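A.B. asks: A single structure is presented below for examination.
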Amino acid sequence: MMDEKSLNVASNQSFRFKRRPMAIAAELRPDWKIGALLLILHLSSRGGKSSLRRLHILNWALRSSKNRAEFEQVREHQQPLFSFQFRFEPALGRAINLAVGEKYVEWVGGNRLQITPKGQRWIKDILKDESVMHEERNFLERIGKDITEGIATEMIKVKIF
Amino acid sequence: MLRIRHLLININTDQGVFGTRQDFHDGLNIIRAENYAGKSQVVQSIMYALGMEGMQGPSHAVPLAHAMTEYLDYYVAGKKLNAKVIDSMVSIEIENGHQQFLTVQRAIAGERNRHLMTVYEGRAVTKKEGLSTARDYFVREGGATSSELGFHRLLTDFIGWDLPMAPRFNDIDCPLYLETIFPLVYVEQKLGWGRLPGRYPTWLGIRDVGRRTVEFILGLDAYATALERIAVQDEIKRLRREWSAARSQTEKSASAVMGTVRGLPVDPVASWPPEVPPTLSVLQSAKWVPIADHLKTMRARYSDLQAIEVPSTINAEPQIRAELSELERTLAAQEHSVAALYELFESDSAEAESLQQRIDGINDDLRKYKDLRKVRKLGSNDQPEVVSGHCPTCHQELADSLLDTANRAIPMTVDQNVSFYEEQIQLFTAVHSNAINNIETAQKDLRARRSEVTRLRDRIRDIRETLVSASGSPSIEAISERIRLQERINRVETQQQMFEEHMAELAELASGWLEVQERLKALPKGALSERDQKKLSVLQDSFHRQLTQYKMGSLDVSEVKISPGTYEPEVAGVNLSADVSASDLIRLHWAYLLGLLEVGTQETGNHPGLLMLDEPQQQSVEETSFREMLRHAAGEKNCQIIITTSHDRAIDSYLKQIGVKHVAEFGDDRILQRLSS
Chain A
1 MMDEKSLNVA
11 SNQSFRFKRR
21 PMAIAAELRP
31 DWKIGALLLI
41 LHLSSRGGKS
51 SLRRLHILNW
61 ALRSSKNRAE
71 FEQVREHQQP
81 LFSFQFRFEP
91 ALGRAINLAV
101 GEKYVEWVGG
111 NRLQITPKGQ
121 RWIKDILKDE
131 SVMHEERNFL
141 ERIGKDITEG
151 IATEMIKVKI
161 F
Chain B
1 MLRIRHLLIN
11 INTDQGVFGT
21 RQDFHDGLNI
31 IRAENYAGKS
41 QVVQSIMYAL
51 GMEGMQGPSH
61 AVPLAHAMTE
71 YLDYYVAGKK
81 LNAKVIDSMV
91 SIEIENGHQQ
101 FLTVQRAIAG
111 ERNRHLMTVY
121 EGRAVTKKEG
131 LSTARDYFVR
141 EGGATSSELG
151 FHRLLTDFIG
161 WDLPMAPRFN
171 DIDCPLYLET
181 IFPLVYVEQK
191 LGWGRLPGRY
201 PTWLGIRDVG
211 RRTVEFILGL
221 DAYATALERI
231 AVQDEIKRLR
241 REWSAARSQT
251 EKSASAVMGT
261 VRGLPVDPVA
271 SWPPEVPPTL
281 SVLQSAKWVP
291 IADHLKTMRA
301 RYSDLQAIEV
311 PSTINAEPQI
321 RAELSELERT
331 LAAQEHSVAA
341 LYELFESDSA
351 EAESLQQRID
361 GINDDLRKYK
371 DLRKVRKLGS
381 NDQPEVVSGH
391 CPTCHQELAD
401 SLLDTANRAI
411 PMTVDQNVSF
421 YEEQIQLFTA
431 VHSNAINNIE
441 TAQKDLRARR
451 SEVTRLRDRI
461 RDIRETLVSA
471 SGSPSIEAIS
481 ERIRLQERIN
491 RVETQQQMFE
501 EHMAELAELA
511 SGWLEVQERL
521 KALPKGALSE
531 RDQKKLSVLQ
541 DSFHRQLTQY
551 KMGSLDVSEV
561 KISPGTYEPE
571 VAGVNLSADV
581 SASDLIRLHW
591 AYLLGLLEVG
601 TQETGNHPGL
611 LMLDEPQQQS
621 VEETSFREML
631 RHAAGEKNCQ
641 IIITTSHDRA
651 IDSYLKQIGV
661 KHVAEFGDDR
671 ILQRLSS
């Protein structure tokens, strides 16, 4: 049992708690995620356009070198489609909302997200420095625009059913 | 030091012999004549006689006027006549700092090979000295600076220079060729004044040619310092490499006897042996003991065994039975501790692995943050508004995070986050390397203990075999103990010897380390030594004084600095060649060359003390500035300055007034005149 005296604090002194800023992953910074989103639309989507589920798959693949490697193995048919176990990342949803607000992307036909000229300009500005998002860029350039909506649907189907 | 003493140009024509003779003295020499009289030909032929035309480009054409190569105009009673050149040559007498003379003769036109110089030891032209010492040297061909018979090698030795090696762009290092040094000695009229500080030849492919040349002329330590710095760094790298090689060799020889080395510094140290000298220990009855003690114990046991006869099985029995049960107990204990140790090793390995994953993860995140920082610093026009902390749609405050916004925790700023990660990496790396250390120690321990377990088992087997053998036969365990012991002693002795050798090697490396640390300490902090800085500040002072004297107009004098990087004049933010008026560029040029002459002729400099300026009054520099320059040049000591000018004859009285004794006044005459008919 804790006795008040054992705290060894004068009774007239009050405690103050100060909230310290919290470290968060770079992934969770809005501009990083928006950048990744635009990168996917810019480098790996036909017509700069993609469905939400396809974005979720590529976003997951992009997140770490481990995910990238798994994704590529699936893509090169070294492993069956379902072995790429991806997750829907809630942060991507928020990033998409912000990106729509920033007018970098817009919804077309109700279910496709398309990059806007403003989004193009910003991503091109970023890409001028070759070192920025180097690994992500290499990965997306490598897979190019080969991941079609069809393949994306297959990947999700296997996952869900 | 180099001085020109006499020039003879000799032109044989179909109309007789033409040419000129000129004496040159210490101090200021002025050659005054009208335009077209051939002043430039005088200085240009001196350069030609020194084989220095390569400073103006890679061409092998003779850089002299047609008067010396093809035809020559001359006047008889006001009538212009024409003489055809048959052959021509130039001879100069030069002197060095030891009052030695050379006469150099080179063909201009005619049959004789123009790459050959005939050199006489002495004043062959004016005093007919050394006529029997004629020897041919070559110029403008590979090896002219290095070969025995290269004229530039001879000239270099004569001046008393020790040319530094200079790095080239696409080639191996070469000596700093004389052609690169002479642009600071001779300014040619037509192209020489156009660029500050000089037209260095680029065709030789020497890197930083201007810097190397000024360093040499002023005798700066900077280049030697830079070389020494590289050498020191290479030596440090080598010592580190060899140290770590010796260290791993030591470890290897230790592991050959299942031993472990303690107190061996990971990085090279300067004092050897360290306060706690490195030891090689081996496991003996579950305790680590120094190898020497272990050897002593084994030798004692061996000589004990030698002293007694091998007992028969029956005699040995009671004793070895007792020993057997003791050994079995020890074995069980040892096996138990091996198992415990193995568990520890496993858990340490797992920890190290997870730490490594953690570090990799943070490193990847850190990379992303650094990218993010670059992107934010870029500040693109199209940058997202959310970065400034506002929602792009409703413009309310928004945290810099994609985490669930219901949780109102404030994220760190990007910079805070980066330094937070950097600290984390530091911490985890330290913990990780500690874990790796533990793993290595555990590995050694395991190996040693396993080998002890094997020894115990061998001994137990020997005893058991003895107990079941015929009672009269000699005890097997007693014999095999002797054999095993002998063998182990041999092996341990060998490794002990190797350990000593490795220690001797490390001691040697340590003394090398001490030496290289001292060399490192002796290096100046920056690129320039104290002496260098002093020289450059003297140069800058002289430079400033002169510019004030010459009344430079388009710049504030105090703004012009001698750059500590290139040693050339510079003004912050101004391209001197483009932004300064043409006449000021000429003033800067004068002041720089005269300044180099003053500083470079001091004790530790390499300036030859010779300066030849062809028509320095370029770009209509004001009369007063030109006169001030002449006054300044006349005041220079320990040098020879040759200036040609087509200034009107009024300058003669001014020259007399400032004390210039050596003025060659040609009036309206041509310099190349009929020598004899």
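The listed protein sequences correspond, in order, to chains A and B.
In case it helps, my numbering puts the first sequence at residues 1 to 161.
In case it helps, my numbering puts the second sequence at residues 1 to 677.
Even glycine gets a Cβ: it sits at the ideal position worked out from N, Cα and C.
These numbers come from a predicted model, not from an experiment.
Could you compute how far the alpha carbon of isoleucine 160 of chain A sits from the alpha carbon of isoleucine 151 of chain A?
C.D. replies: To locate residue 160 of chain A, count along the first sequence from 1; it is residue 160. To locate residue 151 of chain A, count along the first sequence from 1; it is residue 151. Caution applies to isoleucine 160 of chain A, whose pLDDT of 44 falls short of 50 and renders its modelled position unreliable; the model cannot decide the point.
A.B. asks: In angstroms with no decimal places, state the Cα-to-Cα distance between threonine 317 of chain B and isoleucine 460 of chain B.
C.D. replies: Start at 1 with the first residue of the second sequence, and residue 317 of chain B comes out as number 317. Start at 1 with the first residue of the second sequence, and residue 460 of chain B comes out as number 460. A small fix is needed here, since residue 317 of chain B is glutamate in this sequence, not threonine. A straight-line Cα-Cα distance of about 13 Å links glutamate 317 of chain B and isoleucine 460 of chain B.
A.B. asks: Comparing the C-beta of leucine 98 of chain A with each C-beta of chain B, is any distance below 8 Å?
C.D. replies: By one-based count along the first sequence, residue 98 of chain A stands at place 98. Leucine 98 of chain A counts as touching chain B.
A.B. asks: Can you tell me which of the three DSSP states leucine 536 of chain B falls into?
C.D. replies: For this step, residue 536 of chain B is matched to residue 536 along the second sequence. In the structure shown, leucine 536 of chain B sits in a helix (DSSP, three-state: H, G or I).
A.B. asks: Name the two residues that bound the continuous alpha helix (DSSP H) containing isoleucine 217 of chain B.
C.D. replies: On the second sequence, residue 217 of chain B is found 217 positions in, with the first residue counted as 1. Its alpha helix (DSSP H) spans residues 209-218.
A.B. asks: I need the straight-line Cα distance from isoleucine 671 of chain B to valine 232 of chain B, nearest angstrom please.
C.D. replies: Locating residue 671 of chain B in the second sequence gives position 671, counting from the first residue. Locating residue 232 of chain B in the second sequence gives position 232, counting from the first residue. For isoleucine 671 of chain B and valine 232 of chain B, the distance between alpha carbons rounds to 57 Å.
A.B. asks: Can you check whether the C-beta of phenylalanine 161 of chain A is within less than 8 Å of a C-beta belonging to chain B?
C.D. replies: Your numbering for residue 161 of chain A matches position 161 in the first sequence. Legend: pLDDT at phenylalanine 161 of chain A = 38, less than 50; position of this residue unreliable, no value from coordinates given.
A.B. asks: Output needed for lysine 84 of chain B: all residues of its chain with C-beta closer than 7 Å, excluding positions within five of it in sequence on either side, in chain order.
C.D. replies: As a working mapping, residue 84 of chain B is identified with position 84 in the second sequence. Only Thr13, Asp14 and Tyr71 meet the Cβ criterion.
A.B. asks: At what residues does the alpha helix (DSSP H) containing isoleucine 40 of chain A begin and finish?
C.D. replies: One-based indexing of the first sequence puts residue 40 of chain A at position 40. Residues 30-44.
A.B. asks: Is threonine 20 of chain B helix, strand or coil when you go by DSSP?
C.D. replies: What you label residue 20 of chain B is simply residue 20 of the second sequence in a count that begins at 1. Strand at threonine 20 of chain B.
A.B. asks: Excluding five sequence neighbours on each side, which residues of the same chain lie with their C-beta closer than 7 Å to the C-beta of alanine 109 of chain B?
C.D. replies: Locating residue 109 of chain B in the second sequence gives position 109, counting from the first residue. Taking alanine 109 of chain B as the centre and dropping the five residues before and after it, the same chain places the C-beta of Met68, Thr69, Val85, Asp87 and Ser88 closer than 7 Å to its C-beta, in chain order.
A.B. asks: Note the first and the last residue of the continuous alpha helix (DSSP H) segment covering arginine 68 of chain A.
C.D. replies: As a position in the first sequence, residue 68 of chain A is number 68, starting the count at 1. Unbroken alpha helix (DSSP H) run through arginine 68 of chain A: 65-75.
A.B. asks: What in chain A is Cβ-close to phenylalanine 420 of chain B, meaning under 8 Å?
C.D. replies: Working through the second sequence from its first residue, we reach residue 420 of chain B at position 420. Near phenylalanine 420 of chain B (Cβ distances below 8 Å), the residues of chain A are Ala23.
A.B. asks: Given a cut-off of 8 Å on the beta-carbon distance, is the pair glycine 210 of chain B and phenylalanine 169 of chain B in contact?
C.D. replies: To locate residue 210 of chain B, count along the second sequence from 1; it is residue 210. To locate residue 169 of chain B, count along the second sequence from 1; it is residue 169. Not in contact: glycine 210 of chain B and phenylalanine 169 of chain B (Cβ atoms no closer than 8 Å).
A.B. asks: Please name the residues in the region 27-44 of chain A whose beta-carbon is closer than 9 Å to at least one beta-carbon of chain B, in chain order.
C.D. replies: Residues of the region 27-44 of chain A with a C-beta atom less than 9 Å from some C-beta of chain B are Glu27, Leu28, Arg29, Pro30, Asp31, Trp32, Lys33, Ile34 and Gly35, listed in chain order.
A.B. asks: Using a cut-off of 8 Å between C-beta atoms, extract the partners of alanine 95 of chain A located in chain B.
C.D. replies: By 1-based counting over the first sequence, the position of residue 95 of chain A is 95. Leu402, listed in chain order.
A.B. asks: Could you pull the DSSP bridge partners for methionine 165 of chain B from this structure?
C.D. replies: Sequence index remark: in the second sequence, residue 165 of chain B carries index 165 (1-based). Note: methionine 165 of chain B sits in a beta bridge opposite B:Pro175.
A.B. asks: Compute the Euclidean distance between the alpha carbons of glutamine 22 of chain B and tyrosine 74 of chain B, then round it to the nearest angstrom.
C.D. replies: Here residue 22 of chain B corresponds to residue number 22 of the second sequence, with the count starting at 1. Here residue 74 of chain B corresponds to residue number 74 of the second sequence, with the count starting at 1. Each residue's alpha carbon lies about 19 Å from the other.
A.B. asks: Answer with buried or exposed for arginine 531 of chain B, where buried requires no fewer than 16 other C-beta atoms within 10 angstroms of its C-beta.
C.D. replies: As a working note, residue 531 of chain B is residue 531 in the second sequence. Result: exposed.
A.B. asks: Look at alanine 633 of chain B and isoleucine 643 of chain B and say whether their C-beta atoms are less than 8 Å apart.
C.D. replies: As a first step, residue 633 of chain B is located in the second sequence; it is residue number 633 there, counting from the start. As a first step, residue 643 of chain B is located in the second sequence; it is residue number 643 there, counting from the start. Cβ atoms of alanine 633 of chain B and isoleucine 643 of chain B: closer than 8 Å.
A.B. asks: Quick check on the burial criterion: 16 or more other C-beta atoms within 10 angstroms. Buried or exposed for leucine 220 of chain B?
C.D. replies: Residue mapping note: residue 220 of chain B aligns to position 220 of the second sequence, counting from 1. By the Cβ neighbour-count rule, leucine 220 of chain B is buried, with 16 or more other Cβ atoms within 10 Å of its own.
A.B. asks: Does any C-beta atom of chain B lie closer than 8 Å to the C-beta of glutamate 130 of chain A?
C.D. replies: Indexing the first sequence from 1 puts residue 130 of chain A at position 130. Not one chain B Cβ lies under 8 Å of glutamate 130 of chain A.
A.B. asks: Would you give the residue range spanned by the alpha helix (DSSP H) that alanine 256 of chain B belongs to?
C.D. replies: As a first step, residue 256 of chain B is located in the second sequence; it is residue number 256 there, counting from the start. DSSP places alanine 256 of chain B in the uninterrupted alpha helix (DSSP H) bounded by 222-256.
A.B. asks: Looking at the unbroken alpha helix (DSSP H) that takes in methionine 629 of chain B, where does it start and where does it end?
C.D. replies: Residue mapping note: residue 629 of chain B aligns to position 629 of the second sequence, counting from 1. 623-634 is the extent of the alpha helix (DSSP H) around methionine 629 of chain B.
A.B. asks: Closest to alanine 91 of chain A by C-alpha separation, out of B:Ala61, B:Val538, B:Leu403 and B:Arg301, would be which residue?
C.D. replies: Taking the first sequence and counting its residues from 1, one reaches residue 91 of chain A at position 91. When each option's Cα is compared against that of alanine 91 of chain A, the closest is B:Leu403.
A.B. asks: Please list the residues of the region 379-391 of chain B that have a C-beta atom closer than 9 Å to any C-beta atom in chain A, keeping them in chain order.
C.D. replies: Ser380, Asn381, Asp382, Gln383, Pro384, Glu385, Val386, Val387 and Cys391
A.B. asks: Between the alpha carbons of asparagine 434 of chain B and glutamate 493 of chain B, how many angstroms are there, rounded?
C.D. replies: The sequence position of residue 434 of chain B within the second sequence is 434, counting from 1. The sequence position of residue 493 of chain B within the second sequence is 493, counting from 1. The alpha-carbon atoms of asparagine 434 of chain B and glutamate 493 of chain B are separated by roughly 33 Å.
A.B. asks: What is the DSSP secondary structure of threonine 156 of chain B, reduced to helix, strand or coil?
C.D. replies: Mapped onto the second sequence, residue 156 of chain B falls at position 156. Threonine 156 of chain B: helix per DSSP, three-state reduction.
A.B. asks: So, using beta-carbon positions, are leucine 163 of chain B and valine 119 of chain B closer together than 8 Å?
C.D. replies: As a position in the second sequence, residue 163 of chain B is number 163, starting the count at 1. As a position in the second sequence, residue 119 of chain B is number 119, starting the count at 1. Their beta carbons are not under 8 Å apart, which means leucine 163 of chain B does not touch valine 119 of chain B by this criterion.
A.B. asks: Could you tell me whether the Cβ of aspartate 364 of chain B comes closer than 8 Å to any Cβ of chain A?
C.D. replies: The residue given as residue 364 of chain B occupies position 364 in the second sequence. Judged by the 8 Å Cβ criterion, aspartate 364 of chain B is in contact with chain A.
A.B. asks: Check each candidate in A:Leu52, A:Glu76 and A:Lys128 and name the one with the smallest Cα separation from alanine 95 of chain A.
C.D. replies: Looking up residue 95 of chain A in the first sequence gives position 95. Measuring from the Cα of alanine 95 of chain A, the nearest candidate turns out to be A:Leu52.
A.B. asks: Would you list, in chain order, the members of the region 139-159 of chain A that have their beta-carbon closer than 7 Å to a beta-carbon of chain B?
C.D. replies: none
A.B. asks: Can you give me the C-alpha to C-alpha distance between leucine 184 of chain B and glycine 198 of chain B, rounded to a whole angstrom?
C.D. replies: The count along the second sequence starts at 1 and reaches residue 184 of chain B at position 184. The count along the second sequence starts at 1 and reaches residue 198 of chain B at position 198. Going from the Cα of leucine 184 of chain B to the Cα of glycine 198 of chain B covers about 7 Å.
A.B. asks: Tell me which residues share the same chain as aspartate 3 of chain A and place their Cβ nearer than 7 Å to its Cβ, disregarding the 5 neighbours each side in the sequence.
C.D. replies: Taking the first sequence and counting its residues from 1, one reaches residue 3 of chain A at position 3. In this prediction, aspartate 3 of chain A has a pLDDT of 49, which is less than 50 and means its spatial position is unreliable; nothing more can be read from the coordinates.
A.B. asks: Based on the DSSP secondary-structure assignment, which residues constitute the bridge partners of asparagine 35 of chain B?
C.D. replies: Numbered from 1 along the second sequence, position 35 holds the residue referred to as residue 35 of chain B. Bridge partners of asparagine 35 of chain B: none, in fact.
A.B. asks: Which value, in whole angstroms, describes the spacing of the CA atoms of lysine 145 of chain A and histidine 56 of chain A?
C.D. replies: As a first step, residue 145 of chain A must be located in the first sequence, where it is residue number 145. As a first step, residue 56 of chain A must be located in the first sequence, where it is residue number 56. The alpha-carbon separation between lysine 145 of chain A and histidine 56 of chain A amounts to approximately 15 Å.
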